[in-house]
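J.:
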Amino acid sequence: MKDKDMTGDHHFDQAQLREAFGLFPSGVAAIAAQHDHAPHVIVASSFSVGVSLQPPLAAFFVQKHSSTWRFLQHAERLGVSILSYEHAQICRQLAGQDKNQRFEGVDYHVTATGAIQLAKAPIWFECSIYDVHPAGDHLSVQLLIQKLNIQKDTTPLVYHQSRFFPLDATTTALSA
Numbered sequence: 002m003k004d005k006d007m008t009g010d011h012h013f014d015q016a017q018l019r020e021a022f023g024l025f026p027s028g029v030a031a032i033a034a035q036h037d038h039a040p041h042v043i044v045a046s047s048f049s050v051g052v053s054l055q056p057p058l059a060a061f062f063v064q065k066h067s068s069t070w071r072f073l074q075h076a077e078r079l080g081v082s083i084l085s086y087e088h089a090q091i092c093r094q095l096a097g098q099d100k101n102q103r104f105e106g107v108d109y110h111v112t113a114t115g116a117i118q119l120a121k122a123p124i125w126f127e128c129s130i131y132d133v134h135p136a137g138d139h140l141s142v143q144l145l146i147q148k149l150n151i152q153k154d155t156t157p158l159v160y161h162q163s164r165f166f167p168l169d170a171t172t173t174a175l176s177a
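Start counting the sequence shown at 2; every next residue gets the next number (the numbering used here).
Right, dumping it as structure tokens:
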């Protein structure tokens, strides 16, 4: 692998890059666990499934200096709730600056391993941390999926251009 030039010859600024990233629609995941009897959560649109089937891996990216990651990285297990459109109102609350208010009024369950599962999530994974790698100003976190649960009768939440949308199952789909 070649040496990585961290400065690069970029012909854009960070605002343009953020705008470009925002044009890519993505699902939204709440990555959460209980630590010292308190719930902690990171909301990520960078969550990726299908990293590997054997072993079963998923991944997400988190800012290197995330104050919440300091707690989650030590959890026995992490709960990953893929958010439904019903979660659109609480999504910003979960991602909010006031950590004491993040779970206020939120329906969730804590497993025996400390993983947090949000109610009405279309997909829920219970994971352990498999590997962590630096990725610029973020960390790439690979998760080993230990358990999963699927709720088929929900509408997924999609994040696009700083707004939330439902993924409507009645939209005509093109076959892959």
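Here a beta-carbon is modelled for each residue, glycine too, at the ideal position from N, C-alpha and C. In this text, all values refer to a predicted model and were calculated from it rather than measured experimentally.
Are K121 and E87 closer than 8 Å when you measure CB to CB?
T.: In contact: K121 and E87 (Cβ atoms closer than 8 Å).
J.: Tell me, which residues are paired with E127 by DSSP?
T.: G80 and K148, per the DSSP bridge assignment.
J.: Please report the distance separating the alpha-carbon of L95 from that of H11.
T.: Computed Cα separation, rounded: 34 Å.
J.: Could you spell out where the beta strand (DSSP E) holding F165 opens and where it closes?
T.: That run of the beta strand (DSSP E) goes R164 to P167.
J.: Provide the residue(s) that pair with Y86 in DSSP beta bridges, ordered along the chain.
T.: None, per the DSSP bridge assignment.
J.: Taking buried to mean at least 16 other C-beta atoms within 10 Å of its own C-beta, is I83 buried or exposed?
T.: Classification for I83: buried.
J.: Could you please give the first and the last residue of the uninterrupted beta strand (DSSP E) stretch that includes A33?
T.: A33 -> beta strand (DSSP E) spans A30 to H36.
J.: Taking 7 Å as the limit between beta carbons, can you name the residues of its chain near A34, skipping five residues before and five after?
T.: These residues qualify, in order along the chain: H41, L73, A76, R78, L79, G80, G115, A116 and I117.
J.: Hey, how far is the Cα of K153 from the Cα of G137?
T.: Taking the straight line joining both Cα atoms gives about 36 Å.
J.: Can you tell me which residues form a DSSP beta bridge with Q143?
T.: DSSP output for Q143 lists A60 and D132 as bridge partner(s).
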